[in-house]
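First comes the structure, then the notes that go with it.
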Amino acid sequence: MRYASGQGTRTCPTGKHMGGRSGHRSADIATVVSGVFRALSICAPVALLDAPPTLAQVFEPTSLAADIPARPLAEALATFARQTGLQLIYVSGLVRNRRSHAAPAGLSADETLARLLQGTGLRFEYLTSHSIRILAAEGVLRKTAMNIPGQAELSEVIVTANRREEDLQDVPITIQVLTGDQLARLNATTFDDFVSYLPGVTAHGVGPGQSNIYVRGLATAVGGIQSSGSLGTFPSVAVYLDDQSAQLPGRNLDIYAADLERIEILEGPQGTVFGAGAEAGVVRYITNKPKLNVPEATLNAGYATTAHGAQSSNLDATVNLPIITDQLAVRGVIYNEQRGGYIHNLSATFARADTDLGIHYAYAGGQVPANSVVINNFNIAANDINPVTYKGMRVESLYQFNEDWSALLAQSYQSIEADGVFAEMAANSLGEPQPDLSVQLYNPSASKDRFENTALTIDGRVGALKLVYAGAYFVRNVEQVQCANPTPATPATAQCFTPGSSWRDLERNTHQSHELRVSSPDDWRIRGIGGLFYENYRVQEQVDWFYLTALPYFNPIGPPTGYYSLNGSQFQPDGRPVRSGTPGAVFVPAPVTSNNPNIRPPGVGFFNDITRGYQQRAAYASVDFDLIPRKLTLTGGTRYSRTDTSEVGSSVGGFGCQLIFSPMAPNPCLNHSNFVNL
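Position in the sequence shown counted from 1, then plus 12, gives you our numbering.
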């Protein structure tokens, strides 16, 4: 059950049970404002609905003793409940962002409540003599075809899918919208929570912020999460935070859904207006903006249990503060959610067999080598190893210069810290079946994903035309370590033949963008929008692969200091790269761009150190003509862009410097065999 209430008011809608066998575990955070005993008392009146009349206590509500001034509706209802002694039951999101009318003292309870709800689109009905339910005037909230509980019928939703404000029902493209109220009712705070409510939208991933998004089954192919920043393909589904794109190969931006106005999902190609990265669709997070002259504050807290896992909790608070009447307001939100783990790392000692597919890599006659490393995981074996913590804040300031011009400055921070892994292993190192939701890991696994975004939006008018500038600077840093011990079904056991392998991935993504667009009035029969766009996108990534048995067998490796050339070319006639052992090869000194120019520590048998990115300059235009007003519209658009891409760095492998087979390998091992200077 989910219990929620404002001050002096209470709700008791049904919730959902967490369970099943899934790679993604929604924490199903319940909003709890009142205590447990108060929450239990909420449901009692509902239970009395079918009770005999003799069991219902006769209750006479009192008239209003003092004036209730116009104020945020939640506060007005709380005052009403205190003065009359009546119990109010409603979905907490139903009264959010609504204001009441004033009610003078002396009115009856019914007259007062009717006055408070006037013009809000809400109505009330008695459940018992002392319990009143508040609901939407257009009908009882019910589940939609999308299985979203509590969505109001035919409520107006304004979207900006075409870079102009339009009613969702008038937008001639396929678009799905989850409003802030719907997200609250669903207890959906993360991407994995709400994506299951979106028909035609799926995701494939291995943890929070590590998903590839599919719209209508379309997405670019991806490999492993490691090295995805430097080797992965760029997504074909764009992710936007307001007007700033923020996609990263192999890693979706998992923005915590606190104080969001809505989430828009645009299906199909959006290239004319949104540009690169939107060939399959767009996911847009639209934040709530500051409100002039409207002081308000909300607090949500929750506690939940996870099926087969640990407990979870969340807390978020939002404040809107008018600073200067009709001119300046500030809005801020802060949040922290801790989700319990559900994957169990079983105690085990790593074992190998002569039948392993990768046994031949050990060069021991098809048998397990006598000196093969044996390790156990006793120091990291535990239950519920994959807890996740979301925490962050967002502050926005709105300044209204005059009726036509305004400026919005926003600053966002978020951190996702996760331990363990988010997938089970069907078999152990011997190929034996394991219980559900269990793994055998021999090396620690964890990730830290942090981003910050600074955005400035200036909105105004020049004559009849609307002018908008949107600029932003986005920085995202990811650090992840992962156990990579092989299994019997993995042929590439590596020459080291060790379970003690892991990788460490460091990614830094910077994204600067500027857009200037102009549009005609929305009510013109022929209307247009056009703009100029510039962005500078860069990904810096360093991935180190560590092998336990490489310690005595390999010399340390480092970035190359040049490259080998044959007859002035870095490639042989058959297309293979020229190596140190290629007959006639000549070494050419050349600096390499490195995020880490140092010699790697012993045990690193392979690394990528690559910087890639692009600069884009674009101009676009789109024109709409209403052939039949509000019935049939013809739209034409075009976009011109120039994109300059770059990739520099090095890819270095140390297997050519094995001391077992190359006793004369240099130390440190530079410019030897498996080196590529990009």
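All C-beta atoms, glycine included, are put in the ideal place defined by N, C-alpha and C.
As the structure is a computational prediction, the values presented were derived from the model and not from experiment.
Inset, instruction - Report the residue from PHE203, LEU210 and GLU137 whose alpha carbon sits nearest the alpha carbon of GLY217. - result: What you label residue 217 is simply residue 205 of the sequence shown in a count that begins at 1. Per the Cα distances, PHE203.
Inset, instruction - Tell whether a beta-carbon distance below 8 Å holds between ARG135 and ILE101. - result: As a position in the sequence shown, residue 135 is number 123, starting the count at 1. As a position in the sequence shown, residue 101 is number 89, starting the count at 1. No.
Legend entry - For LEU128, the nearest candidate out of THR96, ALA88, GLY105 and ASN109 (CA to CA): Along the sequence shown, read from residue 1 onward, the residue named residue 128 stands at position 116. Nearest option by C-alpha distance: ALA88.
Inset, instruction - Identify every residue that forms a DSSP beta bridge with VAL433. - result: Position 421 of the sequence shown holds residue 433. DSSP lists no partner for VAL433.
Inset, instruction - Report the three-state DSSP secondary structure of LEU195 (helix, strand or coil). - result: Taking the sequence shown and counting its residues from 1, the one referred to as residue 195 is at position 183. If DSSP states are grouped into helix, strand and coil, LEU195 belongs with the helices.
Inset, instruction - Report whether the distance from the Cβ of THR124 to the nearest heavy atom of the ligand COA is below 7 Å. - result: With respect to the ligand COA, the structure shown offers nothing to examine, as it has no ligands at all.
Inset, instruction - Pick helix, strand or coil for CYS681, following the three-state DSSP scheme. - result: For this step, residue 681 is matched to residue 669 along the sequence shown. Here CYS681 sits in strand by DSSP.
Legend entry - Reference PRO81, options ALA114, ARG110 and ARG108, closest by Cα: Position 69 of the sequence shown holds residue 81. Closest option to PRO81, Cα to Cα, is ALA114.
Legend entry - Minimum C-alpha distance to PHE286 - residue among SER653, GLY666 and GLY665: In the sequence shown, the residue the question calls residue 286 occupies position 274. Comparing Cα-Cα distances from PHE286 to each of SER653, GLY666 and GLY665, the minimum goes to SER653.
Inset, instruction - With DSSP collapsed to three states, give me the class of ALA117. - result: As a position in the sequence shown, residue 117 is number 105, starting the count at 1. Residue state, collapsed to three classes: coil.
Legend entry - Option in SER532, PRO609, GLU308 and PRO585 with minimal Cα separation from GLY570: What you label residue 570 is simply residue 558 of the sequence shown in a count that begins at 1. Nearest of SER532, PRO609, GLU308 and PRO585 to GLY570, Cα basis: PRO609.
Legend entry - First and last residue of the uninterrupted alpha helix (DSSP H) at SER240: Here residue 240 refers to the residue found at position 228 of the sequence shown. Element bounds for SER240: 240-243.
Inset, instruction - Indicate whether ASN332 and ASN348 have their beta-carbon atoms separated by less than 8 Å. - result: In the sequence shown, counting from the first residue as 1, residue 332 sits at position 320. In the sequence shown, counting from the first residue as 1, residue 348 sits at position 336. Not in contact: ASN332 and ASN348 (Cβ atoms no closer than 8 Å).
Inset, instruction - Can you check the stretch 258-343 for any alpha helix (DSSP H) of at least 4 residues that lies completely inside it and give the ranges in chain order? - result: You should have 283-286.
Legend entry - Whole-number beta carbon distance between SER525 and TYR559, since they are thought to touch under 8 Å: Looking up residue 559 in the sequence shown gives position 547. Looking up residue 525 in the sequence shown gives position 513. The pair is not a contact, with the Cβ atoms about 41 Å apart (cut-off 8 Å).
Inset, instruction - Identify whether THR202 lies in helix, strand or coil by the three-state DSSP scheme. - result: Taking the first residue of the sequence shown as position 1, residue 202 is located at position 190. Coil.
Inset, instruction - Determine, using beta carbons only, whether VAL345 and ASP271 come nearer to each other than 8 Å. - result: Start at 1 with the first residue of the sequence shown, and residue 345 comes out as number 333. Start at 1 with the first residue of the sequence shown, and residue 271 comes out as number 259. At a Cβ-Cβ threshold of 8 Å, VAL345 and ASP271 count as neighbours.
Legend entry - Cβ shell of ALA341 (< 8 Å), same chain only, five flanking positions each side left out: Locating residue 341 in the sequence shown gives position 329, counting from the first residue. Once the five neighbours on either side are set aside, the close Cβ partners of ALA341 are PRO302, LYS303, LEU304, ASN305, VAL306, ASN332, LEU333, PRO334, ILE335, SER409 and LEU410.
Legend entry - Those residues which DSSP pairs with VAL659 across a bridge: Start at 1 with the first residue of the sequence shown, and residue 659 comes out as number 647. Going by the sequence as given, residue 659 is Glu instead of Val. DSSP lists ARG624 as partners of GLU659.
Inset, instruction - Please say whether ASP556 and PHE619 have beta carbons closer to each other than 8 Å? - result: If you number the sequence shown from 1, residue 619 lands on position 607. If you number the sequence shown from 1, residue 556 lands on position 544. The answer is yes: Cβ separation under 8 Å.
Legend entry - Coil, strand or helix - ASP366 by DSSP: Reading the sequence shown from its first residue, position 354 is the one you call residue 366. In this structure, ASP366 counts as coil in the three-state DSSP scheme.
Inset, instruction - Counting only the same chain and skipping the five closest in sequence on each side, list residues whose C-beta sits under 6 Å from that of SER53. - result: For the purposes of this step, residue 53 is taken as residue 41 along the sequence shown, with counting starting at 1. Low per-residue confidence applies at SER53: pLDDT is 34, beneath 50, and the placement is therefore not dependable, though the value from the model is reported in the following sentence. Excluding positions up to five away in sequence, the list is empty.
Inset, instruction - Measure the alpha-carbon distance for GLY432 versus GLN339 and round it to whole angstroms. - result: For the purposes of this step, residue 432 is taken as residue 420 along the sequence shown, with counting starting at 1. For the purposes of this step, residue 339 is taken as residue 327 along the sequence shown, with counting starting at 1. Using only the alpha carbons, I get a separation of about 48 Å.
Inset, instruction - For the stretch 395-443, list the beta strand (DSSP E) runs that are entirely contained and at least 3 residues long, ordered along the chain. - result: 400-412 and 418-431
Inset, instruction - Tell me whether CYS681 is buried or exposed, calling it buried when 16 or more other Cβ atoms sit within 10 Å of its Cβ. - result: For the purposes of this step, residue 681 is taken as the residue at position 669 of the sequence shown. Using a 10 angstroms sphere on the CB of CYS681, the tally of other CB atoms reaches 16 or more, which defines it as buried.
Inset, instruction - Mark TYR138 as exposed unless 16 or more other C-beta atoms lie within 10 angstroms of its C-beta, in which case mark it buried. - result: Walking along the sequence shown from the start, residue 138 turns up at place 126. By the Cβ-count criterion, TYR138 is exposed, with fewer than 16 other Cβ atoms from all chains shown falling within 10 Å of its own Cβ.
Legend entry - Bridge partners - LYS478, DSSP secondary structure assignment: Looking up residue 478 in the sequence shown gives position 466. Residue pairing of LYS478 in beta bridges, as defined by DSSP: ARG473 and SER531.
Inset, instruction - For ALA258, count neighbouring C-beta atoms within 10 Å of its own C-beta (all shown protein chains included) and say buried if the count is 16 or more, exposed if not. - result: Mapped onto the sequence shown, residue 258 falls at position 246. Buried, by the Cβ-count rule.
Legend entry - Bounding residues of the alpha helix (DSSP H) (the contiguous stretch that carries ARG94): The residue labelled residue 94 in the question sits at position 82 within the sequence shown. Per DSSP, ARG94 belongs to the alpha helix (DSSP H) from 85-96.
Inset, instruction - Tell me whether ARG537 sits in a helix, a strand or coil according to DSSP, three-state version. - result: Working through the sequence shown from its first residue, we reach residue 537 at position 525. Reduced to three states, the DSSP call for ARG537 is coil.
Inset, instruction - Tell me, please, whether the stretch 311-319 touches the stretch 411-424 by the rule of three or more beta-carbon pairs shorter than 8 Å. - result: no
Inset, instruction - Pull up the distance between the alpha-carbon of VAL660 and that of GLN350, whole angstroms please. - result: As a working note, residue 660 is residue 648 in the sequence shown. As a working note, residue 350 is residue 338 in the sequence shown. Each residue's Cα considered, the two are about 39 Å apart.
Inset, instruction - Go ahead and pull the three-state DSSP assignment for SER208. - result: Translated into positions along the sequence shown, residue 208 becomes position 196. If DSSP states are grouped into helix, strand and coil, SER208 belongs with the helices.
Inset, instruction - Assuming THR469 and LEU420 form a contact by the criterion Cβ under 8 Å, report the distance between their Cβ atoms to the nearest whole angstrom. - result: Position 457 of the sequence shown, counted from the start, is the residue given in the question as residue 469. Position 408 of the sequence shown, counted from the start, is the residue given in the question as residue 420. So it is a contact: roughly 4 Å between Cβ atoms.
Inset, instruction - Give me the Cβ distance between ILE428 and PRO220, rounded to the nearest whole Å; I'm assuming they're in contact under 8 Å. - result: As a first step, residue 428 is located in the sequence shown; it is residue number 416 there, counting from the start. As a first step, residue 220 is located in the sequence shown; it is residue number 208 there, counting from the start. Yes, they are in contact, since the Cβ atoms of ILE428 and PRO220 sit about 5 Å apart, within 8 Å.
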